[in-house]
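First up is the structure itself, then whatever we jot down about it.
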Amino acid sequence: HLGDSIVRTIAMDQTDGLVRGDEAIDLGTPITVPVGEACLGRLMNVLGDAIDGRGDVETEHRYPIHRPAPNYEQQGLVTEQFVTGIKVVDLISPYARGGKIGLFGGAGVGKTVLITELINNVAKHHSGVSVFAGVGERTREGNDLMLEMSESGVLESTVMVFGQMNEPPGARLRIGLTGVAQAEYFRDERGQDVLLFIDNIFRF
């Protein structure tokens, strides 16, 4: 967006107090977020800042949220079942390893219960981790989910990132990429199985 002496930017955080004539600084780097074991059990925003009131997330590594997509040849071509440990799912609607699954249902039908069970099983039976990206979530929804996951004991094997409904559209647009960066670190650097949840993809 360079040209005519104009630079266009996207707000990733609250713009309260921002006025015309404020100084803008080019950091010269893409948006990066902390990744690694220290992120497990933590809640972060699109920029990787902690929003759970437990202090900053201190890690050795940071990943850019914009990374080149793999070539078609690099993608896995072997179809393998991902055994969830939930018998009715594995029998009637088996999940493909490395595939994409949509969970659709009204309020109170058990989507969160299923997500919690999947996170629990991938941690216990696959030595994996999960990443939850909340796209346009209400603050209450995010807080309720965190409490439910904490009570069920799966929060410590999960990274949670939120672009909440009260945040600028730019944050909601990029929060999915923040979640992908977290998942790719555990997959590529640690060789672990990763479940990436994006809720709600329609708000992305």
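Our numbering puts the first residue of the sequence shown at 15, with every later residue one more than the last.
Glycine included, every Cβ here is placed at the ideal spot set by N, Cα and C.
Residue nearest to Val21 within the set Ile39, Val33 and Thr98 is Ile39 (criterion: CA-CA distance).
When DSSP reads this structure, Ala64 sits in a beta bridge with Met58. Separation of Leu169 and Glu155 (C-alpha to C-alpha, rounded to the nearest whole angstrom) is 15 Å. According to the DSSP assignment, Ile189 belongs to the alpha helix (DSSP H) that extends over Pro183 to Asp202.
Counting the other CB atoms within 10 Å of its CB gives Gln28 a total below 16, which places it among the exposed residues.
When only Cα atoms are considered, Asn134 and Pro44 end up about 33 Å apart. Three or more beta-carbon pairs separated by less than 8 Å link the segment 157–175 to the segment 133–147, which places the two stretches in contact.
Here DSSP, grouped into helix, strand and coil, assigns Leu32 to coil. Residue pairing by DSSP places Tyr109 opposite Phe96 in a beta bridge.
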